[in-house]
Amino acid sequence: MSTPEQARPEHARYVEKVATGIPGFDFIADGGLPKGRTALVAGSAGSGKTIFASQFLAEGIRRHEESGVFITFEEQPLDIRRNMMSFGWDIARWEVDGVWIFVDASPEPSHEMMIVGDYDFGALLARIEHAVRAVNAKRVVLDSIGAVFSVFESSSRVRHELFRIASALREMGVTTVLTAERREEHGAPIALYGVEEFVADNVVILRNVLEDEKRRRTIEILKFRGTTHKKGEYPFTVMPSDGIIVIPLSAIELKQRSGDMRVTSGNVDLDRMCGGGLFRDSIILVSGATGTGKTLMVTHFVHGGAAAGERCLLFAFEESREQLGRNAIGWGTDFDALEEEGKLKVVCEYPESASLEDHLVRIKGYIEEFRPQRIAIDSVSALERISTVRGFREFVLAVTAFSKHKEITGLFTATTPSLTGGTSVTEAHISSITDTIVLLRYVELFGEMRRGLTVLKMRGSTHEKDIRELVIDNKGMHIGSPFRNVAGILAGNPVQIGAAEMERLDRLFPADGGL
Amino acid sequence: MKQFVLKLYIAGRTPRTEQAISSLREICEKDLASVYDLAVIDVLERPQLAENEKILATPTLVKELPPPLRRVVGDLSNRERVLVGLDLAVRETNEERK
């Protein structure tokens, strides 16, 4: 997003963007912040404003060799240096290197001050201009300007003076991030003290909302004057080592399909039921009650992939690595050996060990690192516990979009609460996102618990509609013949039907193709 | 004898600056019945000094001596208020009582 720049101060037809370097943000910003302008970043206390502002400067230095000026109205430079060091941003060193400079406008308790008559912010402006020249800055941060309103009582005077500073910064050609507090997470006003009245062109809002006892951070670009950006709220996370990471979610969705290439599910019968295997870039949801064979299906998925020379990344949120390995051995698959060969990587984590956004970032990190052809998550319902419905949907969307983008086959399992029939909450929330749904169900017949399997949906392909019996032995799972004389399995209320009724049904619904 | 050390920070020569300087000179002559040392610092020429002293607004008058340190921001047009701000009004009444 850069073109040779001509004389274009006031009426530029084309607004150039500055890539902030904040992961994900430049994507939702269609390239970055409008160059040479001031952007208001508003958010409630603890929403991450100072991190955003610091990261804007830090990435400028690290990725673009652009120096920065940090004007602090609230925190002492000492605190900012220390707090940002935890993200690996060595501000003190950058100050020595002459690429970062503070203008300290934080309140000084020993400075007792009285206002007598009219004044302006000439001294502050002179200091800012001096600092910009000193390091040849391209990026400037003012954080956070609410503090200055509490020191100087006349809000209209302060607004006027800040407007003057914003204009001067524009003339200097620097791109500015100005942070301000807001009290409500949604609705007006955008920021306290009417700040948006003088920096209304570009507005970004950070939110930190408590939803169902869970914190959810989102970022929204409200407007960019004269240029485009993605609309709506996007979740973000603050990672200890990287700072803010914006999660663009479905934005990369539906970008490409890798044709009709099929891969094995690890079970020949299931492949046949699916019309010849799973699509390579599809997501399969396996839903069933506890003990119906979900983890076994994951094991087959791993095994089948490895046999075909594919690498599989398995995220286990319910069982320990040892337990998984033992189970797999019991079904004839040696996870340890596969891991040694580099065909498999198992990541076991407690769902509660991190927020869902953090899990997402980690999952993406593992995928980037291991470069698998298939991934399995066992189970996604374990992750649903730690999130809101909306957050969970976004998580699944994001993993799905990312996997498709990388042409990875994904197998997710979901646990249904009731033993026979019924759907899981998870299913209801994400079934429309996944391409294929396989249901595993207990079937009570003649006082015996048996297992049934059916392919409920298979996007882009025909599939068998029968409910077949599933048998599990020490070699794994075997799919048997359809339950021909039973109805109501999926409803959890199997009823045996007589031969006459069977015949009638057969006439009503003639067998379609092959099976 | 008390020594007054005053610094007036200004941002260029504006009408507001001139107003502050003339108000201050008048106060110095009339109210500071002692030796005073007044420096006028233009932050446009010496921005680093403003940085060191953390000056935001102009004009800002800093009374460095005698203690306590005091700052008065504005064009200093109200003499009474300036004296209060410099912590001089109280001092005068104390001395009158003696």
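Those sequence lines, one after another, are chains A and B.
So this note's numbering is basically just the index in the first sequence, starting at one, shifted up by 12.
Heads up: the second sequence at position 63 corresponds to 52 in this note's numbering, and the numbers run straight through without jumps.
Where a beta carbon is used, it is the ideal one built from N, C-alpha and C, also for glycine.
Just checking my contact of A388/A with L423/A at CB under 8 Å: how many whole Å lie between their CB atoms? So it is a contact: roughly 4 Å between Cβ atoms.
Test: S122/A CB closer than 8 Å to a CB of chain B: Yes, its Cβ sits closer than 8 Å to a Cβ of chain B.
How about T188/A and A104/A: do their beta carbons lie closer than 8 Å? At a Cβ-Cβ threshold of 8 Å, T188/A and A104/A do not count as neighbours.
Proximal residues to Q508/A (C-beta, below 7 Å), its chain only, five neighbours per side dropped: Excluding positions up to five away in sequence, the list reads N497 and V498.
Under a Cβ-count criterion, where at least 16 other Cβ atoms within 10 Å of its own Cβ denotes burial, should H315/A be classed as buried or exposed? Around the beta-carbon of H315/A, 16 or more other beta-carbon atoms lie within 10 Å, marking it buried.
DSSP three-state label for Q88/A, please. The answer is coil: DSSP assigns Q88/A none of H, G, I, E or B.
Every unbroken alpha helix (DSSP H) within the region -2 to 22 of chain B, with a cutoff of 4 residues, ordered by chain: Every alpha helix (DSSP H) stretch that sits fully inside the region -2 to 22 of chain B and reaches 4 residues is listed by chain position as 4 to 20.
Along the chain, where does the beta strand (DSSP E) that runs through W112/A open and close? W112 to D116 is the extent of the beta strand (DSSP E) around W112/A.
Please report the straight-line C-alpha distance between C324/A and V163/A, rounded to a whole angstrom. In a straight line, the C-alpha of C324/A is about 59 Å away from that of V163/A.
Cβ distance (whole Å) where L204/A is taken to contact S59/A below 8 Å: Their Cβ separation, rounded to whole angstroms, is 13 Å, which puts L204/A and S59/A out of contact at 8 Å.
Is the distance from the Cβ of R5/B to the Cβ of D64/B below 8 Å? Taking the C-beta atoms as reference points, D64/B is found nearer than 8 Å to R5/B.
For R14/B and chain A, any beta-carbon pair shorter than 8 Å? Not a single CB atom of chain A sits nearer than 8 Å to the CB of R14/B.
Rounded Cβ spacing between V81/A and A149/A (contact assumed at less than 8 Å): Right, the Cβ-Cβ distance comes to about 5 Å (below 8 Å), so this counts as a contact.
Restricting to Cα atoms, I'd like to know which of T400/A, E245/A and V280/A is closest to L222/A. Nearest C-alpha to L222/A among T400/A, E245/A and V280/A: T400/A.
9 Å Cβ cut-off: residues of chain B touching L90/A: Correct list: empty, because the minimum Cβ distance to chain B is about 14 Å.
3-residue-minimum beta strand (DSSP E) runs that sit fully inside the region 27 to 114 of chain A, ordered along the chain: Correct list: 50 to 55 and 79 to 84.
Looking at C-alpha atoms only, which residue of T412/A, G48/A and G33/A is the closest neighbour of Q67/A? Considering only alpha carbons, the answer is G33/A.
Check for me: the alpha helix (DSSP H) holding M184/A runs from which residue to which? Taken as a continuous stretch (DSSP letters only), the alpha helix (DSSP H) holding M184/A covers S167 to M184.
Same chain only: Cβ atoms within 7 Å of F210/A, ignoring 5 sequence neighbours per side: Here the set comprises R171, L174, F175 and A178.
Work out the CA separation of V280/A and E396/A for me, nearest whole Å. Cα to Cα, E396/A sits roughly 31 Å from V280/A.
With H, G and I counted as helix, E and B as strand and the rest as coil, what does DSSP make of N362/A? Residue identity differs from the one stated: residue 362/A is Tyr in this sequence, not Asn. In the three-state scheme derived from DSSP, where H, G and I count as helix and E and B as strand, Y362/A is classed as coil.
Along the region 35 to 49 of chain B, where does the CB come closer than 8 Å to a CB of chain A? Name the residues. Cβ contacts with chain A: P36, Q37, A39, E40, K43, I44, L45, A46, T47, P48 and T49.
Within chain A, partners of S66/B - CB distance below 9 Å: What S66/B touches in chain A: V128, G129 and D130.
Give the residues of chain A in contact with R2/B, contact being defined as C-beta atoms less than 8 Å apart. Neighbours of R2/B on chain A: none; closest Cβ ~11 Å, over 8 Å.
P48/B, buried or exposed, once every other Cβ within 10 Å from all chains shown has been counted against 16: Around the beta carbon of P48/B, 16 or more other beta carbons sit within 10 angstroms, so the residue counts as buried.
Determine, using beta carbons only, whether R139/A comes closer than 8 Å to chain B. At least one beta carbon of chain B lies nearer than 8 Å to the beta carbon of R139/A.
So L465/A is in the beta strand (DSSP E); what residue range does that whole segment cover? From DSSP, the beta strand (DSSP E) with L465/A extends over E460 to M470.
Nearest residue (CA-CA) to G289/A, options S473/A, T230/A, M125/A and S367/A: From the listed residues S473/A, T230/A, M125/A and S367/A, the smallest Cα separation to G289/A is found for S473/A.
Helix, strand or coil for A143/A per DSSP? Note: A143/A maps to helix in three-state DSSP.
Under a Cβ-count criterion, where at least 16 other Cβ atoms within 10 Å of its own Cβ denotes burial, should E352/A be classed as buried or exposed? Counting Cβ neighbours within 10 Å, E352/A comes out exposed, since fewer than 16 surround it.
For the beta strand (DSSP E) that G492/A lies in, which residues bound it at each end? Bounds of the beta strand (DSSP E) holding G492/A are G488 to P494.
Taking contact to mean 3 or more Cβ pairs, one atom from each stretch, closer than 8 Å, check whether the region 340 to 358 of chain A and the region 476 to 493 of chain A are in contact. Yes, the region 340 to 358 of chain A is in contact with the region 476 to 493 of chain A.
So if I threshold CB-CB distances at 9 Å, which residues from the region 161 to 181 of chain A count as touching chain B? Taking a C-beta cut-off of 9 Å against chain B, the contacting residues of the region 161 to 181 of chain A are V163, F164 and E173, listed in chain order.
Do you know how far the Cα of M184/A is from the Cα of V108/A? Our two residues, V108/A and M184/A, have alpha carbons roughly 23 Å apart in a direct line.
Show which residues of chain B have a CB atom less than 8 Å away from the CB atom of D116/A. E40 and K43, listed in chain order.
Where the beta strand (DSSP E) through S299/A begins and ends: Segment I295 to G300, the beta strand (DSSP E) holding S299/A.
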